Amino acid sequence: MPTVIFIEPDGAEYPIAVKSGTTARDAAVNNGVPGIDGDCGGECACATCHVHVDAAWMSRAGMAEPGGMEANLLQFAEGSTENSRLACQITMTDDLDGLMLRIPDGQH
Amino acid sequence: MTTDTLTRDPASTVPLSQMDVSDPKLFQSDTIGSYFTRLRREDPVHYCPESAYGPYWSVTKFNDIMQVEVNHQTFSSEAKLGGITLQDMQSGEASLELEMFIAMDPPKHDAQRKAVSPAVAPSNLVLLEPIIRERAGLILDSLPVGEEIDWVDRVSIELTTMTLATLFDFPWEERRKLTRWSDVATATPETGVVSSFEQRREELLECAQYFKGLWDKRANEPPKPDLISMMVHSPATRDMPYLEFLGNLILLIVGGNDTTRNSISGGVLALNQNPAEYRKLMADPGLIPKMIPEIIRWQTPLTHMRRTALMDAEIGGKKIRKGDKVVMWYLSGNRDDEVIDRPNEFIIDRPNSRHHLSFGFGVHRCMGNRVAELQLRIIWEEILKRFSKVEVVGAPERTLSNFIRGFTRLPVKLRGH
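Going down the list, the protein sequences come from chains X and F.
1 is the number of the first residue of the first sequence in the numbering used here; add one for each residue after it.
1001 is the number of the first residue of the second sequence in the numbering used here; add one for each residue after it.
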């Protein structure tokens, strides 16, 4: 079971072990991680699961596909950077075990 | 209900081929629900060949609506194709050729939205919260306990207008102009708000003139975090043509006024109609943050958004043709029992209450959703501090509109602790 670690703006960490194939959004919502609302249900349609991927993990987590829906939505999210992703678009695998996702400051 | 009353109910007797859910009176009388229930069951993607607004498709189920929402490449919001409401924009007598980013497709939409969205982003709202709370407190403290008052006028309109005036840094004493312009912007002569399309046009041009004055003033001042200053100083918006400037202002005024106002009133009514839920709330004010999305789902202050198909497409097995008008009925999707458990019940601690359609989804999702939630949370926190009950003491009067789902009057009496 890979673990995803959410890091709040105040530094608090939420390590969550999930089954391979679970999205980071579901991991957060099902475990009450503050700041990840996931209003649309994980459909890549609302940007309420915006996270910053820790720089060391960018090569493995990958960027949002330019011009795709995820990138379209991220451009309106506050504090969007080149490390920004929607957690609903990150599927956990063993390769991502230990993935660190930071919750943007002020998100909710 | 007897079979007799069932058969007399037009929602269940009208042939599907003639079913037209666009009549504003069905919304004013709040009888539209049974029409949508039938459509969801018998014809969830429904074609109406003839209506006061021309032919249109009704998309009534949650997941079908979501499919339209996220496919802006196929389903356009462009004003010149009719825009975002059942009533075509820029059509005939109502025409002002207004342009606003909600009625644009990417990429132009994206640039303009990005220019103004920081005003309602969380980091700016943190600064606004104490101001809104103080004003909410002043509004509530000015109300008489035990006397009949109109909640719509005294609280819902007052709070949302104050917030909007704050976001615009609008001259304080003249803030009810914003309320008036918001009402006028969505009005047709049959509503009685304006007597003719001519009058509507004149009042909106007055609005534009007024804002032009504020615009010029801001242009000569250093940038500030209010909406006008942001538009003046952003490269994406500062050289906007006049009607685009007016259009975007009206978008922000209506967006910030007509929606939250009605969720504030709708919440009071819903709690009165569900006394057990009101008791639950009184026993645990900590439920407020969970209750707010439920109020917004329950009220669904905008009944629909409309798109125009740019190419042939399929929704729920139906063939949509290029050029067809497609109406996403949020009010119906928010009552879809395939997605929402017990959708016809108002449950303030509903699990997953944020999963509703009232803000829309995709690139046009409501920009001000956090301001809406903030105002609702604050007003309920301040109400509970002061009153044991906001008691509805007469029949609510509802807005004559197939777009705005709201109230023109809600008589209440306040009970002290």
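All C-beta atoms, glycine included, are put in the ideal place defined by N, C-alpha and C.
Every value quoted in this text rests on a predicted model; they were computed, and no experiment measured them.
Going by DSSP, what residues sit across from X/V4 in a beta bridge?
Indexing the first sequence from 1 puts residue 4 of chain X at position 4. X/V4 is bridged by DSSP to X/I16, X/L99.
Along the chain, where does the alpha helix (DSSP H) that runs through F/L1376 open and close?
Counting from 1 along the second sequence, the entry for residue 1376 of chain F is found at position 376. F/L1376 -> alpha helix (DSSP H) spans 1369-1386.
Go through its chain and collect everything with a Cβ distance to F/L1249's Cβ below 8 Å, but skip five positions before and after it.
Taking the first residue of the second sequence as position 1, residue 1249 of chain F is located at position 249. Same-chain partners within the cutoff: C1207, A1208, F1211.
Is X/R25 near X/A61, with beta carbons less than 8 Å apart?
In the first sequence, counting from the first residue as 1, residue 25 of chain X sits at position 25. In the first sequence, counting from the first residue as 1, residue 61 of chain X sits at position 61. No, the pair does not count as a contact, with Cβ atoms beyond the cut-off.
By Cβ distance below 7 Å, which residues in the same chain neighbour F/A1121 in space, the five residues on each side in sequence not counted?
As a working mapping, residue 1121 of chain F is identified with position 121 in the second sequence. Hits under 7 Å: none found.
Counting only beta-carbon separations shorter than 8 Å, does F/G1247 have a partner in chain X?
Sequence index remark: in the second sequence, residue 1247 of chain F carries index 247 (1-based). It does not: the Cβ of F/G1247 has no partner Cβ on chain X nearer than 8 Å.
Please specify which runs of the alpha helix (DSSP H), each continuous and at least 4 residues long, are wholly inside the segment 1022-1095 of chain F, giving them in chain order.
1024-1028, 1032-1042, 1062-1069
So, helix, strand or coil for F/F1245, using DSSP?
In the second sequence, residue 1245 of chain F corresponds to position 245, counting from 1. DSSP places F/F1245 in helix when its eight states are reduced to three.
To the nearest angstrom, report how far apart F/T1308 and F/L1252 are at their CA atoms.
For the purposes of this step, residue 1308 of chain F is taken as the residue at position 308 of the second sequence. For the purposes of this step, residue 1252 of chain F is taken as the residue at position 252 of the second sequence. C-alpha separation (whole angstroms): 23 Å.
If F/V1371 and F/V1390 are in contact, beta carbons under 8 Å, what's the gap, nearest whole angstrom?
What you label residue 1371 of chain F is simply residue 371 of the second sequence in a count that begins at 1. What you label residue 1390 of chain F is simply residue 390 of the second sequence in a count that begins at 1. Incorrect: roughly 22 Å between the Cβ atoms, too far for contact.
If you draw a straight line from the C-alpha of F/N1352 to the C-alpha of F/I1340, how long is it?
Taking the first residue of the second sequence as position 1, residue 1352 of chain F is located at position 352. Taking the first residue of the second sequence as position 1, residue 1340 of chain F is located at position 340. Going from the Cα of F/N1352 to the Cα of F/I1340 covers about 9 Å.
Less than 8 Å between the CB atoms is what I'm expecting for F/H1304 and F/L1081, so what's the real figure, rounded?
By one-based count along the second sequence, residue 1304 of chain F stands at place 304. By one-based count along the second sequence, residue 1081 of chain F stands at place 81. The pair is not a contact, with the Cβ atoms about 16 Å apart (cut-off 8 Å).
Given this structure, state the Cα-to-Cα distance separating F/D1336 from F/K1280, to the nearest angstrom.
The residue you call residue 1336 of chain F lines up with position 336 of the second sequence. The residue you call residue 1280 of chain F lines up with position 280 of the second sequence. Each residue's alpha carbon lies about 25 Å from the other.
Shorter than 8 Å from the beta carbon of F/M1230 to some beta carbon of chain X?
By one-based count along the second sequence, residue 1230 of chain F stands at place 230. So no, F/M1230 is outside the interface.
With distances taken from CA atoms, which of F/I1348, F/D1064, F/G1362 is nearest F/E1277?
Counted from its first residue, the second sequence places residue 1277 of chain F at position 277. Closest option to F/E1277, Cα to Cα, is F/I1348.
Which residue's Cα is closest to the Cα of F/D1444: F/G1333, F/G1213, F/F1075?
Not covered by the structure: residue 1444 of chain F. The range shown for chain F is 1001 to 1417.
Show which residues of chain F have a CB atom less than 7 Å away from the CB atom of X/F6.
Within the first sequence, numbered from 1, the residue matching residue 6 of chain X stands at position 6. The contacting residues do not exist; X/F6 stays about 17 Å from chain F at best.
Taking only the alpha-carbon atoms, compute the straight-line gap between F/L1143 and F/V1155 and give it to the nearest angstrom.
Along the second sequence, one-based indexing puts residue 1143 of chain F at 143. Along the second sequence, one-based indexing puts residue 1155 of chain F at 155. Roughly 9 Å between the two C-alpha positions.
Where does F/L1204 fall in DSSP's three states?
Counted from its first residue, the second sequence places residue 1204 of chain F at position 204. In the structure shown, F/L1204 sits in a helix (DSSP, three-state: H, G or I).
Taking the alpha-carbon positions, what's the F/L1414 to F/G1267 distance?
For the purposes of this step, residue 1414 of chain F is taken as residue 414 along the second sequence, with counting starting at 1. For the purposes of this step, residue 1267 of chain F is taken as residue 267 along the second sequence, with counting starting at 1. Going by the C-alpha atoms only, they are around 15 Å apart.
What are the boundary residues of the beta strand (DSSP E) that X/R85 is part of?
Along the first sequence, one-based indexing puts residue 85 of chain X at 85. First-last of the beta strand (DSSP E) with X/R85: 84-86.
Buried or exposed: F/T1005, going by 16 or more other Cβ atoms within 10 Å of its Cβ?
Numbered from 1 along the second sequence, position 5 holds the residue referred to as residue 1005 of chain F. In this prediction, F/T1005 has a pLDDT of 49, which is less than 50 and means its spatial position is unreliable; nothing more can be read from the coordinates.
Just how far apart, CA to CA, sit F/A1185 and F/M1367?
As a working mapping, residue 1185 of chain F is identified with position 185 in the second sequence. As a working mapping, residue 1367 of chain F is identified with position 367 in the second sequence. Each residue's Cα considered, the two are about 19 Å apart.
Between the C-alpha atoms of F/D1141 and F/I1264, what's the straight-line distance to the nearest angstrom?
For the purposes of this step, residue 1141 of chain F is identified with residue 141 of the second sequence, where counting begins at 1. For the purposes of this step, residue 1264 of chain F is identified with residue 264 of the second sequence, where counting begins at 1. Cα to Cα, the separation comes out at about 17 Å.
What does the alpha-carbon distance come out to for the pair F/L1016 and F/P1049?
Taking the first residue of the second sequence as 1, we reach residue 1016 of chain F at position 16. Taking the first residue of the second sequence as 1, we reach residue 1049 of chain F at position 49. Straight-line Cα distance between these residues: approximately 11 Å.
Of all Cβ atoms in chain F, is any one closer than 8 Å to the Cβ of X/Q107?
For the purposes of this step, residue 107 of chain X is taken as residue 107 along the first sequence, with counting starting at 1. Yes, contact with chain F.
Which one of X/P9, X/D94, X/R102, X/P2 has the shortest CA to CA distance from X/A56?
Taking the first sequence and counting its residues from 1, one reaches residue 56 of chain X at position 56. Among X/P9, X/D94, X/R102, X/P2, the Cα nearest to that of X/A56 belongs to X/R102.
Along the alpha helix (DSSP H) that carries F/T1408, what are the first and last residues, could you check?
Within the second sequence, residue 1408 of chain F is the residue found at index 408, counting from 1. Not the alpha helix (DSSP H): F/T1408 falls in the beta strand (DSSP E), residues 1407-1409.
List the residues of chain F whose Cβ lies closer than 7 Å to the Cβ of X/D39, in chain order.
As a position in the first sequence, residue 39 of chain X is number 39, starting the count at 1. Per Cβ cutoff of 7 Å: R1354, H1355.
Going by DSSP, what residue range makes up the alpha helix (DSSP H) through F/H1304?
Taking the second sequence and counting its residues from 1, the one referred to as residue 1304 of chain F is at position 304. Per DSSP, F/H1304 belongs to no alpha helix (DSSP H); it is in the beta strand (DSSP E), 1304-1309.
Could you tell me if F/E1135 is buried or exposed, where buried requires 16 or more neighbouring beta carbons within 10 angstroms of its beta carbon?
In the second sequence, residue 1135 of chain F corresponds to position 135, counting from 1. The residue asked about is misnamed: residue 1135 of chain F is Arg in this sequence, not Glu. With 16 or more Cβ atoms within 10 Å of its Cβ, F/R1135 is classed as buried.
Have a look at the DSSP bridge pairing and note the partners of F/E1391.
Locating residue 1391 of chain F in the second sequence gives position 391, counting from the first residue. Paired residue(s): F/K1413.
Is any beta-carbon of chain F found at less than 8 Å from that of X/Q89?
The sequence position of residue 89 of chain X within the first sequence is 89, counting from 1. Contact with chain F is absent for X/Q89, since none of that chain's Cβ atoms lies less than 8 Å from the residue's Cβ.
For the segment 1370-1387 of chain F against the segment 1290-1302 of chain F, are there 3 or more C-beta pairs whose distance is under 8 Å?
yes
Taking 6 Å as the limit between beta carbons, can you name the residues of its chain near F/R1175, skipping five residues before and five after?
Along the second sequence, read from residue 1 onward, the residue named residue 1175 of chain F stands at position 175. Answer for F/R1175: T1161, A1165, listed in chain order.
Taking just the CA atoms, how far does F/M1019 sit from F/D1009?
As a working mapping, residue 1009 of chain F is identified with position 9 in the second sequence. As a working mapping, residue 1019 of chain F is identified with position 19 in the second sequence. Spanning the two alpha carbons is a distance of roughly 13 Å.
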